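**Q** Here you go, one structure.
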Amino acid sequence: MFKNAIVRIPATTISEGITSIDEGQPIYSKALVQHENYVSALTKAGVNVTVLEPVDEFPDSCFVEDVALCTSKCAIITRPGAPTRQKEAELEDMTQALHSFYEHVEKIEAPGTVEAGDIMMVGDHFYIGLSARTNAEGAAQLIAILEKYGLSGEVVPLKEVLHLKTGLAYLENNNLLVAGEFQTSPTFEKFNKLNVEIDEAYGANCIWVNDSVLVPKGYPKIQSKIEALGYKVLVVDTSEYRKIDGGLSCLSLRF
Ligand code: CIR
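Counting with the working numbering, you get residues 30 to 284 for the letters of the sequence shown.
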């Protein structure tokens, strides 16, 4: 069960966030409303949400998932691979928030890079995507930290997606939403795989929060597959975040 979540209100500069697609820029006022609805959905799912203030210097700073990993034993402050995002991980209010919840707060050091969108937690085991943002040195540091606390990790090379969780979502009870390159990966054979069709690929980024699953608006096939498994689905519109490669998981830390 998750008790807590941390989010950050989007920056007024969100339209300058990094993107790999050509679907226009996020509209700030709409992004704010969608963020409020996201926080309401998390609250409905039963977590206490800590809301951090916006930081205009960092257009992507609402994507707090990338700057820390929150485990059952410790928090780990990452070192993002995107140069414009590296200093986001040093923001004092986030560090303070993590210290208020955790006795142990660890850190990834240079030249290691990790963005926690590349990390999928399955119980005490962590799958770590090696991507343009997370390098082998960062993954090795992360695994060493996890092992210090009796946890474990393994790396998964990525080919097409930005982050590991762009194409995967663990919904607990062995259920795994799987898109694209991960559908045939031997690493995920042991899971009960719910395959995501290519026209709904973005929708693979759902999040399990207690007995609910937050699903992005506009992905009906994924929604019905998840409902068929008995989860309570909470639909949240993420259209503005999608324009800059962001989704539901990226917008919070959950622990
Ligand atoms: C970026 O490219 O870093 C942001 N525009 C999107 C980050 C999405 N984060 C995530 O998937 N965990």
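Where is the CB? At the ideal position from N, CA and C, for every residue including glycine.
No experiment lies behind these values; they were computed from the predicted model shown.
Should G141 and R108 be called a contact, given that it needs their Cβ atoms to be closer than 7 Å?
**A** Taking 7 Å as the Cβ cut-off, G141 and R108 qualify as a contacting pair.
**Q** For the ligand CIR, is there a heavy atom less than 6 Å away from the beta-carbon of C99?
**A** Result no, Cβ not under 6 Å from the ligand CIR.
**Q** Use the C-beta contact count for N77: other C-beta atoms within 10 angstroms, 16 or more gives buried, fewer gives exposed.
**A** The residue is exposed, with fewer than 16 neighbouring Cβ atoms inside 10 Å.
**Q** Whose CA, out of A139, N221, I251, D240, lies closest to the CA of A298?
**A** The structure shown does not extend to residue 298, since the chain spans only 30 to 284, so no value can be given for it.
**Q** Does the distance between the C-beta of C91 and the nearest non-hydrogen atom of the ligand CIR fall short of 6 Å?
**A** No - the ligand CIR has no heavy atom lying nearer than 6 Å to the Cβ of C91.
**Q** Taking the alpha helix (DSSP H) that L171 falls in, what are its first and last residues?
**A** L171 -> alpha helix (DSSP H) spans 165-177.
**Q** Where does Q125 land, buried or exposed, given buried means 16+ other C-beta within 10 angstroms?
**A** Answer is exposed; the Cβ neighbour count stays below 16.
**Q** Closer than 6 Å to a non-hydrogen atom of the ligand CIR - does that hold for the CB of H64?
**A** Not under cutoff, so the answer is no.
**Q** Based on the DSSP output, what are the partners of N239 in its beta bridges?
**A** DSSP, once it has assigned bridges, lists no residue as partnering N239.
**Q** The ligand CIR heavy atoms versus the CB of C235: any closer than 6 Å?
**A** No; taking the cut-off as 6 Å, the Cβ of C235 has no heavy atom of the ligand CIR nearer than that.
**Q** Can you tell me the Cα-Cα spacing of E205 and V143, whole angstroms?
**A** Before going further, note that residue 205 is Leu rather than Glu in the sequence given. Cα to Cα, the separation comes out at about 23 Å.
**Q** Just checking A161 against the ligand CIR - is the residue's beta carbon closer than 6 Å to any of the ligand's heavy atoms?
**A** Answer for A161: no, Cβ out of range of the ligand CIR.
**Q** Could you pull the DSSP bridge partners for S129 from this structure?
**A** S129 is not bridged to any residue.
**Q** Straight-line CA distance for K194 to M149?
**A** Each residue's alpha carbon lies about 7 Å from the other.
**Q** Between K254, L280, L171, which has its C-alpha nearest A139's C-alpha?
**A** Residue L171 is the option with its Cα nearest to A139.
**Q** Please confirm whether E94 and S241 have their CB atoms less than 7 Å apart.
**A** Their beta carbons are not under 7 Å apart, which means E94 does not touch S241 by this criterion.
**Q** With DSSP collapsed to three states, give me the class of A38.
**A** Ala is not the amino acid found at residue 38; the sequence shown has Ile there. Coil.
**Q** Tell me whether A208 counts as near the ligand CIR, meaning its Cβ is closer than 6 Å to at least one heavy atom of that ligand.
**A** No, the beta carbon of A208 sits no closer than 6 Å to any heavy atom of the ligand CIR.
**Q** Using C-beta distances below 6 Å, list every residue in its chain close to A34, excluding the 5 sequence neighbours before and after it, in chain order.
**A** Contacts found: L71, V76, V78, S281, R283.
**Q** Drop a sphere of 10 angstroms on the beta-carbon of T216, count the other beta-carbons inside from all chains shown, and report buried for 16 or more, exposed for fewer.
**A** Classification for T216: exposed.
**Q** From the DSSP secondary-structure annotation, give me the bridge partner or partners of E135.
**A** E135 is bridged to I105.
**Q** Determine the closest residue to V80 out of E86, L127, N224, with distance taken between C-alpha atoms.
**A** The candidate whose alpha carbon is nearest that of V80 is L127.
**Q** From A173, L187, R37, pick the residue whose C-alpha is nearest to that of V96; which is it?
**A** The candidate whose alpha carbon is nearest that of V96 is R37.
**Q** Less than 7 Å separating the beta-carbons of D274 and L175?
**A** Result no, Cβ atoms of D274 and L175 do not sit closer than 7 Å.
**Q** Report yes if the CB atom of L243 is closer than 7 Å to the CB atom of L223, and no otherwise.
**A** No; because the gap between Cβ atoms is not below 7 Å, this pair is not in contact.
**Q** Which residue comes first and which comes last in the beta strand (DSSP E) that contains Y199?
**A** Run containing Y199: 197-199, per the beta strand (DSSP E) assignment.
**Q** Suppose the cutoff is 7 Å on Cβ atoms and the five residues either side in sequence are ignored; what does the same chain contact list for F211 look like?
**A** So the qualifying residues of the chain are G196, L197, F217.
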